[in-house]
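Read through the structure below, which is laid out as structure tokens, and then see the notes.
Number of protein chains: 2
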Amino acid sequence: MLRAASNELRCEAIVAMAKALETRADEVLAANAKDLQAPEALALSESARDRLRLDEARLASMVEGLRSVAALADPLGIEVSRELRPNGLEVSRIRVPLGVIGVIYENRPNVTSDVAGLCIRAGSAAFLRGSATALRSNLAITQALRAGASAVGLPEDVVCLVEDPSHELAVKFMQLNGIIDCLIPRGGPALLASMREHASVPYVIDGDGNCHSYVDKAANLAWASDIAINAKAQRPGVCNAMESLLVHEAVAERFLPGLAEAMPQVEFRGCARTRELIPRATVASEEDYATEFLDLILAVKVVASADEAIAHIQRYSSGHSEAIITDDEQLAEHFRRSVDAAAVLVNTSTRFVDGGELGLGAEVGISTQKLHWRGPMGLEALTATSWFIDGKGQVRP
Amino acid sequence: MLRAASNELRCEAIVAMAKALETRADEVLAANAKDLQAPEALALSESARDRLRLDEARLASMVEGLRSVAALADPLGIEVSRELRPNGLEVSRIRVPLGVIGVIYENRPNVTSDVAGLCIRAGSAAFLRGSATALRSNLAITQALRAGASAVGLPEDVVCLVEDPSHELAVKFMQLNGIIDCLIPRGGPALLASMREHASVPYVIDGDGNCHSYVDKAANLAWASDIAINAKAQRPGVCNAMESLLVHEAVAERFLPGLAEAMPQVEFRGCARTRELIPRATVASEEDYATEFLDLILAVKVVASADEAIAHIQRYSSGHSEAIITDDEQLAEHFRRSVDAAAVLVNTSTRFVDGGELGLGAEVGISTQKLHWRGPMGLEALTATSWFIDGKGQVRP
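Chains as they are written, first to last, in this note's numbering: chain A, 1 to 397; chain B, 1001 to 1397.
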């Protein structure tokens, strides 16, 4: 039984899964070639076809990914708290497996082995539902993973794939109460909307990132410029990229023209004062301030105070990552206490809100919900806790 | 703003709420008298009328309850983890307020001040929906609490009561996504079923407790007897009472007849071997093993091994509290690793699974779900975490 499997056995299983995937590379690549030749796949956009495509290098990276998960520290058995009660009871809270983790994902076949490895590492079975276009690839990968689990004596069913990729069954999958202990979506807005509408099992959602940076009047403007350029332009298409920039009026004139010059590739949309300082900027609408552009577009607003910036963030934030650039430590603390987000950053780039960058070793997603786990989810986010209570015959008076 | 309120201000607010409730005792008791005289209240059972009834002593205990919550340690600002990253970023996870906590409850007016105090202590606004029968009482209590909050400079709306107690509005309340950050039901099976059907906001559910105790062949039988009597009979109507007892066949003959004699008030339902050893026992059906009796009834099964007991628990457990009585420490560890429950107890009574007994200071309920918080919920269960990331101008390469 996986729940009771030792750390060693779970690691051996993942290493065996990696080995089986390596051994069966030809079958996986052949299945993937069939997926790519199917009419539905031929109708996909080139970028979607690219996400679906496997080759030897990508398969090798999936194998390597599994091996690196085996090398991560065990997330189970960790003591969250311990107390000796006055009546002699030893009370501790300990990290234990969730049970069955469901994952719904789109047409990247590598997700199959990535998430299966993380689930097994955390002592939970992986119940997977990938996209119809990747079904043959996912089946071949799953068969390899199951063979690996079996080779070390675990049940094959520690990894299961839904073989009917219909929409009806996806909805049923989201309603497997009592079977799925935690459902994690890996996909775009349509999948998240469907989860919110249909899911009745507990889930952790990886939502939008409408991330702000506020450049205070007490900011180190050289840092502020580096940070703004990094947060906006280093990789604009991801959820931890900056979408809106707020600038204190006292430094706007010294800061904004240079920033605009340093990012000629970025489209600026701003308030009246922004447009005075950046002639190429167009008018920012309410909707612009509310939008996760995921593109080389930046909404800018000049504010009269830090509290105006905080109020703007409270209004438009999606609760992902919010940054302040200031040398005023008291203001930084006020900002931390006032802003309600998964991550609050001081004097650095929102792009650091990432499991790898924060030392989690692996990332399942970035939770924008408040219950269970918030922010980048590593192995710990895939566990539950139990109270362990040890006595010597004590009874309650 | 409550989110940014200091520990001192939150405590002062709760003390002021207690004072206001004390000052307005006459108004609250007059409102309660009207509730009790309303036709719907006159139609209630005597026990339901008793739950609705306030008197000077009960009101004093509500006031005292608020003062004791003010005296609890601050659950906010607690460091869950901290790490200095190789690039110099200081990364910590810190306990922060949830935001708005919704509570739906039945006709105990004391819940109004109890949960409002806990929410404010945890830095969250309390959005309350009580029963129609208690509306006048709840309004009078809420007005006092709002006056208390206002007296220390917090917005009155840190405590809000839904003034339309219709079923339609209760359903809408459960769907206030974006307003309610966490919904907590305080009530019976009908309320929980309605939550599972209608709620779209994140919630924490306090489910059934079909709790087992397993008396191993290596058990200290004197302890086992004390524990079984305590777990079954000390307060049978609560969720942490034992409902089923599993006994290893090697000790059944020495254990069960004496236990039955020691609990003449308890009805036994058992397997064939149980009925041989306890002549008054009747046949236990599958349904008996699945039932949370909340009564002086005990289902008993004699098992051939610890693993048979574990398999029985896996099949019938509601994931609340499961106990083993054994002197075999290796078996105890196997039991802890195999059983999937909010609490796993060794050599003690399931009745200890309670916020007060475990040192939480106050209890909002006992979560039987796995995400967010599991088991007795104190103030910590009413918080979220944020990542705080402090830099000196670092950007992501």
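Even for Gly, the Cβ is constructed at its ideal location relative to N, Cα and C.
8 Å contact criterion, which residue i and residue j should meet: CB distance rounded
i         : j         : result
Val344/A  : Ser1386/B : 6 Å
Gly319/A  : Ala304/A  : In fact, because the Cβ distance is near 25 Å, the residues do not count as touching under 8 Å.
Arg1095/B : Ile1078/B : 4 Å
Ile205/A  : Thr383/A  : With a Cβ gap of about 18 Å, Ile205/A and Thr383/A do not count as contacting.
Arg146/A  : Asn107/A  : Wrong, their Cβ atoms sit about 21 Å apart, outside the cutoff.
Arg1003/B : Arg374/A  : Incorrect: roughly 15 Å between the Cβ atoms, too far for contact.
Asn1210/B : Ser1317/B : 6 Å
Leu154/A  : Ala5/A    : 7 Å
Ala41/A   : Thr112/A  : Actually they are not in contact, since the Cβ atoms of Ala41/A and Thr112/A sit about 16 Å apart, beyond 8 Å.
Ala231/A  : Ser150/A  : No, Ala231/A and Ser150/A are not in contact; Cβ-Cβ is about 46 Å, not under 8 Å.
CA nearest to the CA of residue i, picked from the options
i         : options                                   : result
Gly1365/B : Ser1194/B, Tyr1105/B and Val1302/B        : Tyr1105/B
Ala272/A  : Val238/A, Leu256/A and Val283/A           : Val283/A
Ser213/A  : Ala4/A, Ala342/A, Asp206/A and Ile227/A   : Ile227/A
Leu246/A  : Arg85/A, Glu322/A and Ile389/A            : Glu322/A
His1312/B : Ala1332/B, Val1339/B and Glu1329/B        : Val1339/B
Glu1022/B : Glu1056/B, Ile1389/B and Asp1288/B        : Glu1056/B
Gln1234/B : Glu1253/B, Arg1351/B and Gly1187/B        : Arg1351/B
Glu267/A  : Ile141/A, Asp288/A, Ala252/A and Ala41/A  : Asp288/A
Gly1178/B : His248/A, Pro189/A, Ser194/A and Arg315/A : Arg315/A
Val28/A   : Ala116/A, Gly88/A and Ala144/A            : Ala144/A
Ala306/A  : Phe335/A, Glu292/A, Ser61/A and Leu294/A  : Phe335/A
Proximity test, Cβ basis, 8 Å: residue i and chain B
i        : result
Asn347/A : yes
Ser92/A  : no
Pro155/A : no
Val303/A : no
Asn138/A : no
Interface flag, residue i vs chain A, CB-CB below 8 Å
i         : result
Asp1226/B : yes
Lys1392/B : yes
Glu1192/B : Here residue 1192/B turns out to be Leu, not Glu, going by the sequence shown. No, Leu1192/B lies away from the interface with chain A (no Cβ there is under 8 Å from its Cβ).
Asp1074/B : no
Ile1078/B : no
Cys1182/B : yes
Pro1202/B : yes
Beta-carbon proximity check, residue i vs residue j, cutoff 8 Å
i         : j         : result
Ala1013/B : Pro1075/B : no
Ala219/A  : Ile325/A  : yes
Ala299/A  : Glu261/A  : no
Leu371/A  : Pro1202/B : yes
Phe173/A  : Val215/A  : no
Ser1068/B : Arg1082/B : no
Ala1031/B : Gly1148/B : no
Ala1070/B : Cys1011/B : yes
Phe399/A  : Gly102/A  : Coverage of chain A is limited to positions 1 through 397, which leaves residue 399/A absent and any answer about it impossible.
Asp114/A  : Gly65/A   : yes
Ala1043/B : Val1152/B : no
Leu1139/B : Pro1165/B : no
Ile278/A  : Pro264/A  : no
Val162/A  : Gly1391/B : no
Leu159/A  : Thr142/A  : For clarity, residue 159/A is Val in the given sequence; the question names Leu instead. Contact: yes.
Ala1224/B : Val1302/B : no
Gly88/A   : Arg1085/B : no
First and last residue of the uninterrupted beta strand (DSSP E) at residue i
i         : result
Ile324/A  : Ser321 to Ile325
Trp1387/B : Thr1383 to Asp1390
His1248/B : Met1242 to His1248
Ile366/A  : Gly365 to Ser367
Tyr203/A  : Careful: Tyr203/A lies outside any beta strand (DSSP E) and carries neither H nor E.
Cys119/A  : Careful: Cys119/A lies outside any beta strand (DSSP E), inside the alpha helix (DSSP H) at Asn110 to Arg121.
Glu12/A   : Taken as a continuous stretch (DSSP letters only), Glu12/A belongs to no beta strand (DSSP E), being part of the alpha helix (DSSP H) at Asn7 to Thr23.
Ala1125/B : Ala1125 to Arg1129
Leu1084/B : Glu1079 to Leu1084
Arg1396/B : It is not in any beta strand (DSSP E) - Arg1396/B carries neither H nor E in the DSSP assignment.
The alpha helix (DSSP H) enclosing residue i, as first and last residue numbers
i         : result
Arg1093/B : That residue, Arg1093/B, is in no alpha helix (DSSP H); its beta strand (DSSP E) goes Glu1090 to Pro1097.
His1167/B : His1167 to Phe1173
Met1062/B : Glu1056 to Ala1070
Pro39/A   : Pro39 to Leu42
Gly148/A  : Leu135 to Ala151
Leu331/A  : Glu329 to Ser338
Lys1370/B : No alpha helix (DSSP H) contains Lys1370/B, which DSSP labels as neither H nor E.
Arg51/A   : Glu46 to Leu52
Leu1277/B : Ala1272 to Leu1277
message: Against chain C, which members of the stretch 1360-1372 of chain B pass a CB distance test of less than 9 Å?
response: The displayed structure is made up of protein chains A and B, and chain C is not among them.
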